[in-house]
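*Asks:*
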Amino acid sequence: MTLNLLVAGLLFTPLAWAVVSLLIGFRAGRWLAGAGMVLQAGVTLGLVWTLTGQGGFEYALGDWQPPLGIGLRVDGMALTLVLLTTLVASACGLHAAGYLEADRPGQRYFWPLFWFLWAGINGVWLAGDIFNIYVGLELVTLAAVGLVALSGEPPALRAALRYLFAALAGSLAFLLGVALLYGAYGTLSLRLLAEAVQADGTGSAALALMFAGLAVKTALFPVHAWLPPAHGIAHAPVSALLSALVVKASAWVAIRLWLDLGPVLGSSGGAFLMGLLGTAAIVWGSWMAWCQTGLKKLVAYSSVGQVGYLFLLFPLTFAVSDRVAELATQGVMLHLISHALAKAALFMAAGNLIWAVGDGRIVSLAGAGRHLPLSLFAFGLAAVSIMGLPPSGGFTAKWLLLQAAWQAGQWGWALAVLVGGLLAALYVFKVFAACYVDKASGDDFHYPPRRLDLMPLGLAVMALGLGLVAGLPLHWMGIGGAP
Amino acid sequence: MSPGLLYALAGMLLFVMGLAGFALLRHLLRRLMAFNLVGSGTFLVLVGLAQRPDGEPDPVAQALVLTGIVVAIAATALALVLMRRWFDLTGRTRLDGEADE
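Chains as they are written, first to last, in this note's numbering: chain Z, 1 to 483; chain B, 1001 to 1101.
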């Protein structure tokens, strides 16, 4: 009974809020969103309590058993990610409530899309079979594209269309992989697949197709070109949602597929290739971030770079000792979490700064250091985690990855981690240098509402503190699935 | 060669044709049609490969394809709305200057 309520709360109430807020408009939608967030927080706490008490479980929606019914797999990883989603999405929603102008024509669609996105993301975390992962990813993509296009201006439309086409191509590659796996093994459940797969051509081809599709959706170098325009042009809280959660959903599907099926279907060449692309993403994304003249474009390119770290998982978990694989998995998951917190904070702080100076260029930030210290402070705290300095979550994640690379004797990946940190410091410093230029005639400031500083600050503090309490999420992630 | 395998191979062919169109065409409407072709190819592969030994159709594969069609229609509708708005505002049928961003 409790389980029914928890799952209903996680998956169905967001869909209900989406439909209702479509009817009531943006202003009233804020209140509904507040109530919905409180409910999500309660349900998430309930899930924490349930899982720490009794361990993970599998759940058949409406008592319809798989394969025709929808089976959910609720384990420690899913729990941690649901918790992350509740934190980040609530912060982004609260920020959007004050940040977006209520009277713009497209704005009434914000809350419906926001809730559809939330439902889809929770669906991806909890899905126990590869087809429902596909459905969840599609729901996320369609909502995210709608959010990018929210303003209805031509640049936003162009970015949204590019995003949509890229994401659709990725989805279909993924779906073809699903079709091949189902044809070969007759099951969709991840758990059953992990037992059934044998090293053969069909399985490997299916896995390669799925990873190709997921790489496009995660904006892995060199198929990242859609991300910077889309994340750069969206409203700041939307960019925060997209970079923190949407990109992570497809990345996490790749991680889960690799951990479940990779040991049998993977090859060292494929794992090396993914690691190489991840390394290229770290270098290229960070370098391009440094080259940008627009603040949000810089933060968006930083996402391209940071996503690269996630793909170091592939070489560091293939054909290595269990200890190394565990370290690498923990490091990558911790990086995923800390980057989600830090990047959401960066985008929201950037949005506040742009609001203040009325211009998205980095040179226009001159004088912001004096007028908007709190937003800049949040930007700085979050940047500490992006750069990977102690005591942040980013530092602990990179430390674990370095240890894994050391113990596996694969030095190259350790070098990639270190170079990425240095490049991140370069582009972060570029923003700060611009903010502390003193401007003689700097009176043209529009102060954003003070409460908008709270959301980025809160998330940035969490990203920073994550390094000190990293044991807790790592412990939760260790909670297994159904016995 | 069993009919199922024939369907699957035809599906693969459609998938590759659609993908080529997706990569090569620039007109927005044509790209969308290429996407739909890729989708149809995928569905054919899904139905064609999932043959049960007794020759009966596999209900799971059909349920999946049905869901997949719904998702594809939703995506097509969203793309059409965005494309119409893009055309109304700019009068263009393609996203020019794609390479420079």
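The beta carbon of each residue, even a glycine, is placed where N, CA and C say it ideally should be.
1. Based on DSSP bridge pairs, tell me the residues matched to Z/Phe57.
2. 8 Å is my cut-off, CB to CB: does B/Val1045 come that close to chain Z?
3. Which of helix, strand or coil does DSSP assign to Z/Gly480?
4. Quick check on B/Pro1059 - is its C-beta less than 8 Å from some C-beta in chain Z?
5. Let me know if Z/Trp487 comes out buried or exposed under the rule of 16 or more other beta-carbons within 10 Å of its beta-carbon.
6. What separation, rounded to the nearest whole angstrom, lies between the Cα atoms of Z/Gly29 and B/Pro1003?
7. Please list the residues of the region 1010-1036 of chain B that have a C-beta atom closer than 9 Å to any C-beta atom in chain Z, keeping them in chain order.
8. Whose C-beta lies closer than 8 Å to the C-beta of Z/Gln65 among residues of the same chain, with five residues either side of it excluded?
9. Looking at the structure shown, is B/Glu1101 part of a helix, part of a strand, or coil, going by DSSP?
10. Distance check for Z/His475 and Z/Leu3, CA to CA, integer angstroms please.
11. Please tell me whether Z/Tyr182 has its Cβ less than 8 Å away from any Cβ of chain B.
12. Between which two residues does the alpha helix (DSSP H) holding Z/Asp322 run?
13. Between which two residues does the alpha helix (DSSP H) harbouring Z/Pro67 extend?
14. Output yes if chain Z places a C-beta closer than 8 Å to the C-beta of B/Thr1093; else output no.
15. Should the region 273-283 of chain Z be regarded as contacting the region 306-313 of chain Z, the criterion being three or more beta carbon pairs within less than 8 Å?
16. Are the region 386-405 of chain Z and the region 461-472 of chain Z touching, with three or more C-beta to C-beta distances below 8 Å?
17. Look at Z/Ala404 and Z/Val324 and say whether their C-beta atoms are less than 8 Å apart.
18. Check the DSSP bridge columns for Z/Ala127 and list the partner residues they point to.
19. According to a CB-to-CB cut-off of less than 7 Å, which residues of the region 48-74 of chain Z neighbour chain B?
20. Work out the CA separation of B/Ala1072 and Z/Val135 for me, nearest whole Å.
21. Counting pairs of Cβ atoms below 8 Å between the region 1044-1058 of chain B and the region 175-194 of chain Z, do you hit three or more?
22. Secondary structure at Z/Gln486, three-state DSSP: helix, strand or coil?
23. Could you confirm whether any beta carbon from chain B is found closer than 8 Å to the beta carbon of Z/Val307?
24. Considering only the alpha carbon of each residue, which of Z/Leu374, Z/Leu79, Z/Leu316, Z/Leu227 lies closest to Z/Met477?
25. Determine the DSSP secondary structure at Z/Gln292, reduced to helix, strand or coil.
26. Rounded to whole angstroms, what is the Cα-Cα separation between Z/Pro449 and Z/Ala89?
27. Following the continuous alpha helix (DSSP H) through B/Gln1062, name the residue where it begins and the one where it ends.
28. Excluding five sequence neighbours on each side, which residues of the same chain lie with their C-beta closer than 6 Å to the C-beta of Z/Met462?
29. How big is the Cα-Cα spacing for Z/Leu425 and Z/Trp411?
30. Given this structure, state the Cα-to-Cα distance separating Z/Phe272 from Z/Leu137, to the nearest angstrom.
31. Determine contact between the region 219-229 of chain Z and the region 289-305 of chain Z, defined as no fewer than three beta-carbon pairs at a distance below 8 Å.
32. Relative to the C-alpha of Z/Pro155, which candidate in Z/Trp252, Z/Gly98, Z/Gly25, Z/His235 has its C-alpha closest?
33. Please go through the same chain and pick out, in chain order, the residues whose beta-carbon is closer than 8 Å to the beta-carbon of B/Gly1068, but skip the five residues on each side of it.
34. For a contact defined as C-beta to C-beta under 8 Å, what are the partners of B/Leu1082 on chain Z?
35. Check whether chain Z comes within 8 Å of B/Asp1100, counting only Cβ atoms and requiring the distance to be less than that.
36. What separation, rounded to the nearest whole angstrom, lies between the Cα atoms of Z/Met37 and Z/Gln330?
*Replies:* Concretely, from the data shown:
1. On the first sequence, residue 57 of chain Z is found 57 positions in, with the first residue counted as 1. Note: Z/Phe57 sits in a beta bridge opposite Z/Val74.
2. Here residue 1045 of chain B corresponds to residue number 45 of the second sequence, with the count starting at 1. A Cβ of chain Z is located within less than 8 Å of the beta carbon of B/Val1045.
3. Looking up residue 480 of chain Z in the first sequence gives position 480. In the structure shown, Z/Gly480 adopts coil according to DSSP, grouped into three states.
4. To locate residue 1059 of chain B, count along the second sequence from 1; it is residue 59. Chain Z places a beta carbon closer than 8 Å to that of B/Pro1059, counting this residue as a contact.
5. Because chain Z in this structure spans residues 1 to 483, residue 487 of chain Z falls outside the shown range and cannot be described.
6. For the purposes of this step, residue 29 of chain Z is taken as the residue at position 29 of the first sequence. For the purposes of this step, residue 1003 of chain B is taken as the residue at position 3 of the second sequence. C-alpha separation (whole angstroms): 53 Å.
7. Listed in sequence order: Gly1011, Met1012, Phe1015, Gly1018, Leu1019, Phe1022, Ala1023, Leu1028, Arg1031, Leu1032, Phe1035.
8. Locating residue 65 of chain Z in the first sequence gives position 65, counting from the first residue. Gly71.
9. The count along the second sequence starts at 1 and reaches residue 1101 of chain B at position 101. Reliability of the predicted coordinates at B/Glu1101 is poor, the pLDDT of 39 falling under 50, and the value obtained from them is presented with this limitation in mind. B/Glu1101 falls in the coil class under three-state DSSP.
10. Locating residue 3 of chain Z in the first sequence gives position 3, where the first residue counts as 1. Locating residue 475 of chain Z in the first sequence gives position 475, where the first residue counts as 1. Looking at the two C-alpha atoms, the distance is approximately 22 Å.
11. As a first step, residue 182 of chain Z is located in the first sequence; it is residue number 182 there, counting from the start. Yes, Z/Tyr182 counts as interfacial toward chain B.
12. Reading the first sequence from its first residue, position 322 is the one you call residue 322 of chain Z. Run containing Z/Asp322: 322-357, per the alpha helix (DSSP H) assignment.
13. Against the first sequence, residue 67 of chain Z aligns to sequence position 67. Annotation: Z/Pro67 is outside any alpha helix (DSSP H) and is labelled neither H nor E by DSSP.
14. Stepping through the second sequence from its first residue, residue 1093 of chain B is reached at position 93. Taking Cβ atoms only, chain Z never reaches closer than 8 Å to B/Thr1093, which makes this a no.
15. Per the Cβ contact rule, the region 273-283 of chain Z is in contact with the region 306-313 of chain Z (3 or more Cβ pairs under 8 Å).
16. Touching, yes.
17. Counting from 1 along the first sequence, the entry for residue 404 of chain Z is found at position 404. Counting from 1 along the first sequence, the entry for residue 324 of chain Z is found at position 324. For Z/Ala404 and Z/Val324, yes; Cβs fall inside 8 Å.
18. As a first step, residue 127 of chain Z must be located in the first sequence, where it is residue number 127. DSSP, once it has assigned bridges, lists Z/Leu72 as partnering Z/Ala127.
19. So the list reads Pro67, Leu68, given in the order they occur along the chain.
20. Taking the first residue of the first sequence as position 1, residue 135 of chain Z is located at position 135. Taking the first residue of the second sequence as position 1, residue 1072 of chain B is located at position 72. In a straight line, the C-alpha of Z/Val135 is about 10 Å away from that of B/Ala1072.
21. They touch, by the three-pair rule.
22. Beyond the ends of chain Z as shown, which are 1 and 483, falls residue 486 of chain Z; an answer cannot be given.
23. The residue labelled residue 307 of chain Z in the question sits at position 307 within the first sequence. By the rule that beta-carbons nearer than 8 Å mark a contact, Z/Val307 does not touch chain B.
24. Along the first sequence, one-based indexing puts residue 477 of chain Z at 477. Among Z/Leu374, Z/Leu79, Z/Leu316, Z/Leu227, the Cα nearest to that of Z/Met477 belongs to Z/Leu79.
25. As a working note, residue 292 of chain Z is residue 292 in the first sequence. It is coil, neither helix nor strand.
26. Working through the first sequence from its first residue, we reach residue 449 of chain Z at position 449. Working through the first sequence from its first residue, we reach residue 89 of chain Z at position 89. C-alpha of Z/Pro449 to C-alpha of Z/Ala89: approximately 20 Å in a straight line.
27. Within the second sequence, the letter at position 62 stands for residue 1062 of chain B. Per DSSP, the unbroken alpha helix (DSSP H) holding B/Gln1062 starts and ends at 1059-1090.
28. Numbered from its first residue, the first sequence carries residue 462 of chain Z at position 462. The residues are Leu341.
29. Start at 1 with the first residue of the first sequence, and residue 425 of chain Z comes out as number 425. Start at 1 with the first residue of the first sequence, and residue 411 of chain Z comes out as number 411. The question names Leu, yet the displayed sequence has Ala at residue 425 of chain Z. Z/Ala425 and Z/Trp411: Cα-Cα distance of roughly 22 Å.
30. By 1-based counting over the first sequence, the position of residue 272 of chain Z is 272. By 1-based counting over the first sequence, the position of residue 137 of chain Z is 137. Their backbone Cα atoms lie some 26 Å apart in a straight line.
31. Cβ pair count under 8 Å is three or more, so yes.
32. In the first sequence, residue 155 of chain Z corresponds to position 155, counting from 1. For the set Z/Trp252, Z/Gly98, Z/Gly25, Z/His235, the Cα lying nearest the Cα of Z/Pro155 is the one of Z/His235.
33. One-based indexing of the second sequence puts residue 1068 of chain B at position 68. Its chain contains Gly1039, Thr1042, Phe1043, Leu1046 as the residues whose beta carbon lies nearer than 8 Å to that of B/Gly1068, once the 5 sequence neighbours on both sides are disregarded; these appear in chain order.
34. Start at 1 with the first residue of the second sequence, and residue 1082 of chain B comes out as number 82. By Cβ distance, chain Z contributes Val145, Ala149, Leu157, Ala160, Leu161, Leu164.
35. Taking the first residue of the second sequence as position 1, residue 1100 of chain B is located at position 100. With a pLDDT of 37 at B/Asp1100, under the threshold of 50, the modelled position of that residue is not reliable, and the figure given next carries that caveat. It does not: the Cβ of B/Asp1100 has no partner Cβ on chain Z nearer than 8 Å.
36. In the first sequence, residue 37 of chain Z corresponds to position 37, counting from 1. In the first sequence, residue 330 of chain Z corresponds to position 330, counting from 1. Just so you know, the alpha carbons of Z/Met37 and Z/Gln330 end up roughly 28 Å apart.
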